[in-house]
Structures are given as C-alpha cells and as structure tokens.
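>
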Amino acid sequence: MIEASAPGKAILLGEHAVVYDQPALAVPLPDLRTLVSIQQLASDRASIYIEAIDLDQSFWLHERGDRDPLACATRLALAAATSSHPESLQIQIRSSIPIAAGLGSGAATSVAIIRAIAAYFDTSLADQSISDMAFQVEKLHHGTPSGIDNTVISFEKPLYFQQKKHCQTFVLGKDLQLVLGHCGVTSQTGDVVAGVRKRWQAETMTYDALFKEVGDMVNQAYRALIEGKLQALGELMNANHSLLQSMAVSQHELDALVESARDAGALGAKLTGAGAGGFMIALVEPSSAGTVLKALVEAGAQHAFTTKVST
Ligand code: PMV
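Residue numbering for the sequence shown follows our numbering, beginning at 6 and increasing consecutively.
Structural data, given as structure tokens:
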C-alpha cells in the first residue's frame, strides 16, 4: 500500500484582494491533513475505485466525468505519472481538514491524490507541477480561483503569493501560535467570490481602493512575518478584518468570534478564507492560546482548535 498526504492551509492576510492581483500571505497547517492510500484491488478489470470517507462518496472512476473534482485530480495525476495503468486500484481518501470552511480541504485532497498516484507509479513530480494540476481542479470548485490554496498546499511552506506576478515561499522569523474557530455558518467560496465581483463591478473605484489597501497591508505583514514581529502582524490582521467587513464578506457570527478572541488577549484576529461563514483565525502568544480557545468556545464557536506553524 502507498500513502501520501497534504496539509490544510490558512490565509493570514489578503483573501479576496488576491483575486484582483494583490498579494496575499498563507501558511500550511501541518496538523490538519488529507491522507490518501492506494492499494491493488483483486479484480481483472483495469479500473479504479475511489472512496472518499469524509465526503461520503464512493464510485468507480469511469462513472464520473471530468467536472468531478476527485475524478479530475485522479485523471490528471494518472496522465502525468504513468502511460498506462493496467491494474485495478482502490484509492481511499480520509481527511481531518474541515470541509467548505476556508482551510483548503479541496486543494489538499487534490494534492494528496496527485502525490499518492505519483508515489504509486514511482514518478517524481515537481511541487510546481502538482500545484498546476491542483489548480485545474480548483477551477471546478469556483470559476476564478487565485491559485493561493493549491500553491501553499503543494509547496507546504509559508507563502507570499501574487497571481501572475510573484510567488515566494519564505521562512518565518518566529513560530506562529494560532487559534481557529468555526462560526457555525457554512458558505461556498464560489458564491462569496461572485458576490465580491458583483459589488466590484458596481463600485469599481471603491473596491479597487480597498484591494490596494489590503495589498499594502500584506507587504507590511510579509516583513513582520520574516522579522518575527508578531505584535505588528496581529495589528495588520485586525486592520485586514475591517477591510473584509467593508467588502461585506464578514458576518455577525464571524465578527463575534473575532471580537471575543481579541478581548481574550489575541494579538490579532480576522476571518480566514472566503468568509460569509467558516473559520476565523487568531494570532496569539503561546501563553494565551488556552484562554483564547476557551473564549471562542464560550462565544459559540462550533469547532475550535489551536495549532502552531513552526519556523
Ligand atoms: O475559502 P477558501 O479557502 O477557498 O479561500 C478563498 C480565498 C479567496 O481569496 C476568497 C479566493 C481565492 O481564490 O483566492
């Protein structure tokens, strides 16, 4: 049996503006992972059976078309890893990354499938090739992805990302202690991105100015991350949340969790990912992680946890 995995991710600053060519910052969340195992099936048909336990899906590959994300990732990886697959295989997918919550579960699933298929066929694929394939799948999830999810998950390193321009992994100056809380409302990234696009079309100058302001904050936060200036990073996260509120992608439950994390001593807190639901993220001193976690649970977080991103 062959196994491979891929991490979740959190956007530290810059979501939404990144779709409009501004830079953004993301980190992998190594404690959350999608695991993919591949083993031979005792069958004389060269076919592939996919079992996605957490998605409650199981199917033969030939039953699904190319618009199915799992089938698409599998076919792209097979095409890159082998010229023929005469065997009958079972691909099993398990994940500890919450689904549709802004933590990159879709991209992690694609990357883990591609890594596992490459390993099974003993083919080495560059991180950039894996990311490019996962990006094809991201386009099925929502029409205009920036590419930040597939990139940070494939490279598994802190990432400064600007579409079509600049993409740079980097080393953190200090460990990041994070606390994340789910606000209890689910949202679809595609819908939230489409909503922003509609408002941008109606008020282009206002939104372009908001996006530019986010981009400037991201550049300051990039320096703060490299220099390990966590106080400054926290303040920039708070300021970014205000701009996300101005873009109307936050909502009451998310704002309440963000407030409670700040009141409990977080250095900074904001929504992460598409918003309109899903997770918020707080940057904390290690000594206050427990207090902030407790505050989030008391404020109604449905799923809250602490995690660390190490230098
Ligand atoms: O909710 P997620 O994890 O898919 O993140 C979306 C981030 C956006 O900037 C809103 C969209 C994108 O493609 O970058």
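All residues carry an ideal CB built from backbone N, CA and C; glycine is no exception.
For clarity, every value in this text was computed on a predicted model and none was experimentally measured.
Please confirm whether Ala31 and Phe166 have their CB atoms less than 8 Å apart.
Their beta carbons are under 8 Å apart, which means Ala31 touches Phe166 by this criterion.
> DSSP puts Leu18 in a beta bridge; with which residues?
Per DSSP, Leu30.
> Would you identify the three-state DSSP class for Phe126, choosing helix, strand or coil?
Phe126 falls in the coil class under three-state DSSP.
> Take Ala309 and list the residues in its own chain whose beta-carbon comes closer than 6 Å to its own, dropping the five residues that flank it on each side.
Excluding sequence neighbours, Ala309 sits near Gly186, Leu298, Leu301 and Val302.
> Would you say the beta carbon of Val190 is closer than 7 Å to some non-hydrogen atom of the ligand PMV?
Flag unset: Cβ of Val190 not near the ligand PMV.
> Mind listing, in chain order, the continuous alpha helix (DSSP H) runs of no fewer than 4 residues lying wholly within the stretch 79-137?
You should have 110-125.
> Less than 7 Å between the CB of Pro163 and some heavy atom of the ligand PMV, yes or no?
Answer for Pro163: no, Cβ out of range of the ligand PMV.
> I need the DSSP call for Met252, collapsed to helix, strand or coil.
Reduced to three states, the DSSP call for Met252 is coil.
> In whole angstroms, what separates the C-alpha of Asp137 from that of Glu232?
Answer to the nearest angstrom: the Cα atoms are 30 Å apart.
> Specify, as a first and last residue, the run of the alpha helix (DSSP H) that Glu56 falls within.
Unbroken run through Glu56 is the beta strand (DSSP E), Ile53 to Ala57; no alpha helix (DSSP H).
> According to DSSP, His187 sits in a beta bridge with which residue or residues?
BP columns for His187 point to Phe284 and His308.
> Should the stretch 6-17 be regarded as contacting the stretch 262-269, the criterion being three or more beta carbon pairs within less than 8 Å?
No: fewer than three Cβ pairs fall under 8 Å.
> Let's test the definition: count the other Cβ atoms within 10 Å of the Cβ of Ile16 and tell me whether it reaches 16, buried, or not, exposed.
Burial call: buried.
> So if DSSP puts Pro163 in a beta bridge, which residue, or which two residues, is it bridged to?
According to DSSP, Pro163 bridges with nothing at all.
> Taking DSSP's pairing of strands, which residues face Phe64 in a bridge?
Looking at the DSSP assignment, Phe64 forms a beta bridge with Ile55.
> In three-state DSSP terms, what is Leu46?
Coil.
> Run the CB neighbour count on Phe175, radius 10 Å, all protein chains shown included, and call it buried at 16 or more, exposed below.
Exposed, because fewer than 16 other Cβ atoms sit within 10 Å of the Cβ of Phe175.
> Label Gln62 either buried or exposed according to how many other C-beta atoms from any shown protein chain fall within 10 Å of its C-beta, with 16 as the threshold for buried.
Exposed, because fewer than 16 other Cβ atoms sit within 10 Å of the Cβ of Gln62.
> Using DSSP's beta-bridge definition, name the partner residues of Ala279.
Paired residue(s): none; Ala279 is not in a bridge.
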